[in-house]
Amino acid sequence: MDAILEFAWLLIRIVLYTLLPLILLVAYYTYAERRVIGAMQARIGPNRIGPWGLFQPFADVIKLLLKEIILPKEANRYLFLIAPILSIAPAFAVWAVVPVGEGMVWADLNAGVIYILALSSMGVYGIILAGWASNSKYALLGAMRSAAQVVSYEIAMGFSLLGVLVLAGSLNLQEIVNAQAGGMLDWYWLPLLPMFAIYIIAGLAETNRAPFDMAEGESEIVAGFHVEYAGAAFAVFFLAEYANMILISALTAIFFFGGWLSPFEGWAFLGDSWLRQSSVFWFMGKLAFFMFNFLWIRATFPRYRYDQVMRLGWKVFIPITMVWVLVAAMFVFNGIVVRGA
Amino acid sequence: MPIQEIFFYLFSVIMVTAATLVISVRNPVYSILFLILTFFSAAALWIMLEAEFLGIVLVLVYVGAVMVLFLFVIMMLNINQSRVNEGFVKNLPLGIGVALVMLAEVLMVLWYKSQTGTDTYPLPVPHEQGYSNTAEIGERLFTAYLWPFEIAGIVLLVAIVAAIALSLRHREGVKTQSIPLQVSTEKRDRLEVIDMPVEHVENN
């Protein structure tokens, strides 16, 4: 009985500390996206519901939930309904191993990095099955583009993490963060600068965001894989996409920007001020920066052509990351970067 | 019953059921999905055996990459189910033969166990908490098994090169785009500014 109560309490804590904040963050991320891109394009963006339009996300959610879920007549009804769940589940499950602060993690896995890679590669099933089950040519085209793109960029992403692993000497995310201690010049973005850039770009491709939003491609294939979805089922795809963007931002902060570590750790002249303390607020700040980055890039760059996306992934990123893994190994071998410290 | 056993039987039942469904469902896309479920349950069983690295890699490689390509191919091919079933009777004797061999092997293992007694296989002792399965595998691979590991890598590389060499063919008269040329193109290659006198159109 005690075990069951304990388990229930654990579930409640997971919902309270991780799922609920994540969903709220997604809600306000969509609001921020519309306001930020609006500002960048000299528009106003949503400003009617609540002060400065702050209640807009709730209005959107209520609208989507009240809409009818339309099942296309020729669609495969089981897969059509399972697909959104398959795309949201991995996006949430990865958070089990993501540390937001010192010790603030649900599962301190020794194999954390491959757990992340394994689960984030699961997300593509939601897209493929949605495209296939819809029984629509646009949806199928979007699904095939997305599958090819995600599988290709996963390799570049995995290789760029290999550099981090070589320098940190661990697959555990907390140890990777602690290995970067010493201020912002000790973080891994500096010795792994090409990999850092590739990770951010591959992250855009993995989450199907502009300029790599081939899976949606409004001007070419209407809305790609979720063209047949409406109401709550569409909302779940939307939630998954934004949850994945937040996840990639968090992972970039952890792998290359020292997670919760303070950027001014080594600056002695600052005294004992809070600026030198590591805290969860530094992590939040870095997370916010990389999340903003996604919006900034979307407002800046036009969409890539499909063949160029594939070429960039296979012929440019993968060779660069392969070479830089060797360079990172040389850094460690020659003592330029001390492994794991 | 300890919680480990409950989970073991849960995952085993899911795995065997899913594996049976892989070969019995009619829709090939469902087959793939049940195969994914089988891999997942196998990964869960491995993680319960403290082989968390292997378990997660199973999900990463098979579920994350190989099965995506399977699904991709099956979606593209639009397989006709009646033609798939045609070969069933023809290949039945071969299938029964393979099944009998496998059954004999299983029975031999069971017979061997009954002769020697199950006590000869002690239960694995759980490792203490700081034990890292991942580090252990890495150490073994790059010390005791370095040569087999490197040779396996070379064999895979040869397979990749061979696959590309087999599928690469140059056809005459095919127009392809040279992306370096496209990327390095400049404004003056595409755009010509012409000086042109203004034409006066009479409005009526």
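For the protein sequence lines, the chains are W and D, in the order given.
Residues in the first sequence are numbered consecutively from -8, following our numbering.
Residues in the second sequence are numbered consecutively from 7, following our numbering.
Note that the Cβ used here is the ideal one computed from N, Cα and C, for glycine as well.
Note that the coordinates shown come from a computational prediction; the quantities given were computed from them, not determined experimentally.
Listed in chain order, the non-local C-beta contacts of residue 46 of chain W below 7 Å within the same chain comprise 40, local neighbours out to five positions each way being set aside. For residue 143 of chain D, no Cβ of chain W is located within less than 8 Å of the residue's own Cβ. Contact between residue 204 of chain W and residue 294 of chain W holds, with the beta-carbon distance rounding to 6 Å and staying under 8 Å.
A Cβ-Cβ separation of about 4 Å places residue 186 of chain W in contact with residue 151 of chain W under the 8 Å criterion. Straight across, the Cα-Cα distance linking residue 251 of chain W with residue 180 of chain W is about 15 Å.
About 13 Å separates the beta carbon of residue 157 of chain W from that of residue 314 of chain W, a gap too long to meet the 8 Å contact definition. For residue 144 of chain W, same chain residues with a beta-carbon under 7 Å away, outside a window of 5 residues either side, are 193, 196, 197 and 304 in chain order.
For residue 1 of chain W, the enclosing alpha helix (DSSP H) has its first and last residue at -7 to 5. DSSP places residue 173 of chain D inside the alpha helix (DSSP H), whose first and last residues are 152 to 173. Residue state for residue 170 of chain W is assigned as coil, using DSSP reduced to three classes. The alpha-carbon separation between residue 60 of chain D and residue 117 of chain W amounts to approximately 24 Å. Listed in chain order, the positions of the stretch 113 to 139 of chain W with a beta carbon within less than 9 Å of a beta carbon of chain D are 113, 115, 116, 119, 120, 122, 123, 124, 131, 134, 135, 138 and 139. Taking a Cβ-Cβ cut-off of 8 Å, the neighbours of residue 299 of chain W in chain D comprise 185, given in sequence order.
Here DSSP, grouped into helix, strand and coil, assigns residue 204 of chain W to coil. The C-beta of residue 178 of chain D has fewer than 16 other C-beta atoms within 10 Å across all chains shown, which makes the residue exposed.
Looking at W:306, W:190 and W:71, the one whose alpha-carbon comes closest to that of residue 281 of chain W is W:190. Judged by DSSP secondary structure, residue 195 of chain W falls within the alpha helix (DSSP H) whose first and last residues are 184 to 197. Beyond the five residues adjoining it in sequence on each side, residue 42 of chain D comes within less than 7 Å, by CB distance, of 69 and 73 in the same chain, given in chain order.
Look at residue 94 of chain W here: in three-state DSSP terms it is coil, with no helix or strand label. Residues of the stretch 47 to 71 of chain D with a C-beta atom less than 8 Å from some C-beta of chain W are 58, 59, 62, 63, 65, 66, 69, 70 and 71, listed in chain order. Counting other Cβ atoms within 10 Å of its Cβ, residue 22 of chain W reaches 16 or more and is therefore classed as buried. Residues of chain D with a Cβ closer than 8 Å to the Cβ of residue 68 of chain W do not exist, since the nearest Cβ in that chain sits about 13 Å away.
Taken through DSSP and simplified to helix, strand or coil, residue 304 of chain W comes out as helix. For residue 41 of chain W, the secondary structure class from DSSP, reduced to helix, strand or coil, is coil.
Taking all protein chains in view, the Cβ of residue 265 of chain W is surrounded by fewer than 16 other Cβ atoms within 10 Å, so the residue is classified as exposed. For residue 302 of chain W, the chain D residues whose Cβ falls inside 9 Å of its Cβ are 185, in order along the chain. Contact with chain D is found for residue 142 of chain W, since one of that chain's Cβ atoms lies less than 8 Å from the residue's Cβ. Taking a contact to require three or more Cβ pairs closer than 8 Å, the stretch 81 to 92 of chain W and the stretch 101 to 113 of chain W qualify as touching.
When the five nearest sequence neighbours on each side are left out, the beta carbons in the same chain lying within less than 7 Å of the beta carbon of residue 24 of chain D are those of 40, 43, 44 and 47, in order along the chain. Counting the other CB atoms within 10 Å of its CB gives residue 25 of chain W a total of 16 or more, which places it among the buried residues. DSSP places residue 135 of chain W inside the alpha helix (DSSP H), whose first and last residues are 128 to 159. Taking a beta-carbon distance threshold of 8 Å, residue 295 of chain W does not count as an interface residue toward chain D.
Residue 140 of chain D has a beta carbon lying within less than 8 Å of a beta carbon in chain W. Annotation for residue 235 of chain W: the continuous alpha helix (DSSP H) segment containing it runs 222 to 247. With 16 or more other CB atoms across the displayed protein chains lying within 10 angstroms of its CB, residue 70 of chain W is buried.
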